Structures are given as structure tokens and as C-alpha cells.
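> Residue numbers (full-length UniProt numbering): 1 to 79.
Using N, Cα and C, we set each Cβ at its ideal position, and we do this for glycine too.
The structure presented is a predicted model; accordingly, all values stated were derived computationally and were not measured.
There's a structure below that I have some questions on.
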Ligand SMILES: N[C@@H](CCC(=O)N[C@@H](CS)C(=O)NCC(=O)O)C(=O)O
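So, in C-alpha cells, the structure goes:
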């Protein structure tokens, strides 16, 4: 299962969401806007409070950086 830590106003997150939709991938959105009490999950999992942050549980992979996330998704999940 794919999980995307993100928030709505983040343009880098929007880029990633667009590719997830393009690839017809199902994913869980973890909404972590600035000030969210859920930010500590992001810190614990990835080590910093930057979004977007992708967790791919099936491949035991975590990624920051929108361009890296998009490259990863295309490599792993393009049809
Ligand atoms: N180079 C990064 C930039 C990501 C970035 O700047 N994200 C902002 C939100 S748009 C962020 O996480 N800021 C810190 C914060 O929200 O606390 C990428 O392409 O993913």
C-alpha cells in the first residue's frame, strides 16, 4: 500500500498526486498541514518534516523529494 504524507496547499505534493492519479494508483493520504498534531509521524518515519513524503509498504521504501517520488512511481508502477 502506498501512503502519501502531504497537504493540500503544497505544489510539490500536487505534482505527486497528479502522477498517482495518472498511473491509476490507489493510495492513502496522510494530511499533515503545518501545525498538525500528526506531524510527529512524519518526523518519526522519515526524519524530517518535509512533504511530500511517500511510504511504499510493499517495497519497504520511503522517499522525500517530489521528483524522486515521481521517478520511483513511474519506474515501479507504470503499466
Ligand atoms: N524539493 C522538495 C521541496 C518540498 C517542499 O519544499 N515542501 C514544503 C511544502 S510545499 C515543506 O515541506 N515545507 C516544510 C513544512 O511544511 O513544514 C520537493 O520537490 O519535494
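Out of 42, 1 and 34, point me to the one whose CA is closest to residue 8's CA.
Nearest C-alpha to residue 8: 34.
> So, helix, strand or coil for residue 49, using DSSP?
Residue state, collapsed to three classes: coil.
> How about residue 2 and residue 68: do their beta carbons lie closer than 7 Å?
It is not a contact, given that the beta carbons lie outside the stated cut-off.
> Check whether the region 42-54 touches the region 7-24, taking contact to mean three or more Cβ pairs, one atom from each stretch, closer than 8 Å.
Yes, since at least three Cβ pairs between the region 42-54 and the region 7-24 fall closer than 8 Å, the two stretches touch.
> What does the Cβ neighbour count give for residue 66, buried or exposed, with the cut at 16 atoms within 10 Å?
Buried, since its Cβ has 16 or more Cβ neighbours within 10 Å.
> How would you call residue 28, buried or exposed, if buried means at least 16 neighbouring beta carbons within 10 angstroms?
The residue is exposed, with fewer than 16 neighbouring Cβ atoms inside 10 Å.
> Thinking C-alpha only, which one of 24, 39 and 25 is nearest residue 31?
Per the Cα distances, 39.
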